[in-house]
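J.: There's a structure below that I have some questions on.
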Ligand SMILES: Nc1ncnc2c1ncn2[C@@H]1O[C@H](COP(=O)(O)OP(=O)(O)O)[C@@H](O)[C@H]1O
Ligand SMILES: [Mg+2]
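Numbering (our numbering), first residue to last: 602 to 835.
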């Protein structure tokens with residue numbers, strides 16, 4: 602489960618990059634109460650467009666009578682690269698009527714058979730009920746930029762939200778030292794502090810047809826390293 606405090610550190614981009622290189626079968630679930638981006642950002646597996654109306658909203662419509670993990674796949678779509686995605690809400694207002702959804706959704710995502718789930722939860726704070734979903738996650742990972750203001754907000758957030766680890770979206774020019782700086786500040790409150798490259802070119806390539814150039818980007822290379830660490834971290 603990936604999320605952030607304030608700002609837009611790139612939660613959706615990180616979740617997508619991780620899902621693209623995840624070493625095991627994976628489902629990317631957009632659980633950001635503010636709405637999803639993937640259906641608008643990424644092409645479908647056949648090169649067409651995704652149906653933004655099919656996903657969390659259609660799942661919620663059927664889930665009022667109970668939500669079984671096996672139901673989730675009836676609402677997913679295949680995007681570029683053959684990746685399964687549960688598209689998010691189409692706008693933030695929908696979340697107002699769905700406060701009951703996050704707990705049952707978290708329980709079903711945690712029990713999806715034969716796949717790990719990477720959930721993009723967007724920014725924490727505005728929707729306290731999202732805590733019901735976080736409570737079901739095997740790992741809660743908060744993203745941050747390495748700047749002082751981002752790290753200050755992160756530290757406050759960690760005093761409220763229990764997270765297993767932090768991922769720093771770090772400038773490749775001072776990659777190690779940025780991650781080390783953040784580790785010095787919050788390292789005692791979380792199990793790990795890892796990095797993912799700040800790579801505008803890679804983030805741009807991730808929105809098109811995936812292929813060789815994306816594969817060689819710093820974003821994807823660091824995502825591969827991060828995915829390996831997340832999978833093997835106890
Ligand atoms: N690792 C990154 N490197 C460079 N640019 C990024 C990265 N992650 C996100 N961005 C850019 O920042 C903006 C917000 O990204 P997004 O992933 O939608 O953030 P969030 O989900 O946190 O709102 C987008 O324009 C995206 O291309
Ligand atoms: Mg997002």
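Ideal Cβ positions, reconstructed from N, Cα and C, are used throughout, including at glycine. Predicted model only: the values in this text are computed from it and were never measured.
What do you get for residue 604, buried or exposed, if any count of 16 or more other CB atoms within 10 angstroms of its CB means buried?
T.: Working through the chain shown from its first residue, we reach residue 604 at position 3. Flag for residue 604 reads buried.
J.: Residue 704 bridges to which residues according to DSSP?
T.: Here residue 704 is taken as the residue at index 103 of the chain shown, counted from 1. Per DSSP, none; premise fails for residue 704.
J.: If you reduce the DSSP assignment to three classes, tell me which class residue 733 lands in.
T.: Locating residue 733 in the chain shown gives position 132, where the first residue counts as 1. Correct three-state label for residue 733: helix.
J.: Hey, is residue 800 close to ligand 1, as in C-beta under 7 angstroms from one of its heavy atoms?
T.: Residue numbering aside, residue 800 sits at position 199 when the chain shown is read from its first letter. Flag set: Cβ of residue 800 near ligand 1.
J.: With burial defined as no fewer than 16 other Cβ atoms inside 10 Å of the residue's Cβ, what is the status of residue 720: buried or exposed?
T.: Within the chain shown, numbered from 1, the residue matching residue 720 stands at position 119. The residue is buried, with at least 16 neighbouring Cβ atoms inside 10 Å.
J.: Quick one: what does DSSP say residue 725 is sitting in, helix, strand or coil?
T.: The residue you call residue 725 lines up with position 124 of the chain shown. Coil, per DSSP.
J.: Considering only C-alpha positions, which residue in the set 681, 680 and 656 is nearest to residue 848?
T.: This structure does not reach residue 848, given that the chain is present from 602 up to 835, and the question cannot be answered.
J.: Taking just the CA atoms, how far does residue 825 sit from residue 608?
T.: For the purposes of this step, residue 608 is identified with residue 7 of the chain shown, where counting begins at 1. For the purposes of this step, residue 825 is identified with residue 224 of the chain shown, where counting begins at 1. Their Cα atoms are separated by approximately 24 angstroms.
J.: Could you tell me which of 755, 658 and 751 sits nearest to residue 790, measuring between CA atoms?
T.: Numbered from 1 along the chain shown, position 189 holds the residue referred to as residue 790. Nearest C-alpha to residue 790: 755.
J.: Could you compute how far the alpha carbon of residue 771 sits from the alpha carbon of residue 816?
T.: Sequence index remark: in the chain shown, residue 771 carries index 170 (1-based). Sequence index remark: in the chain shown, residue 816 carries index 215 (1-based). Roughly 19 angstroms separates the two Cα atoms.
J.: Exposed or buried, which one is residue 672 when buried takes at least 16 other CB atoms within 10 Å?
T.: Along the chain shown, one-based indexing puts residue 672 at 71. Residue 672 comes out exposed.
J.: Use the C-beta contact count for residue 848: other C-beta atoms within 10 angstroms, 16 or more gives buried, fewer gives exposed.
T.: In this structure the chain extends from 602 to 835, so residue 848 is not present and cannot be described.
J.: Does at least one heavy atom of ligand 2 sit under 7 angstroms from the Cβ of residue 693?
T.: On the chain shown, position 92 is the one that residue 693 refers to. It does not: the Cβ of residue 693 is nowhere closer than 7 angstroms to a heavy atom of ligand 2.
J.: Considering only the alpha carbon of each residue, which of 670, 654, 679 and 739 lies closest to residue 617?
T.: Working through the chain shown from its first residue, we reach residue 617 at position 16. Taking only the C-alpha atoms, the option nearest residue 617 is 679.
J.: Residue 757 lies in the alpha helix (DSSP H); which residues open and close that run?
T.: If you number the chain shown from 1, residue 757 lands on position 156. First-last of the alpha helix (DSSP H) with residue 757: 749-761.
J.: Check for me: the alpha helix (DSSP H) holding residue 816 runs from which residue to which?
T.: On the chain shown, residue 816 is found 215 positions in, with the first residue counted as 1. Run containing residue 816: 813-816, per the alpha helix (DSSP H) assignment.
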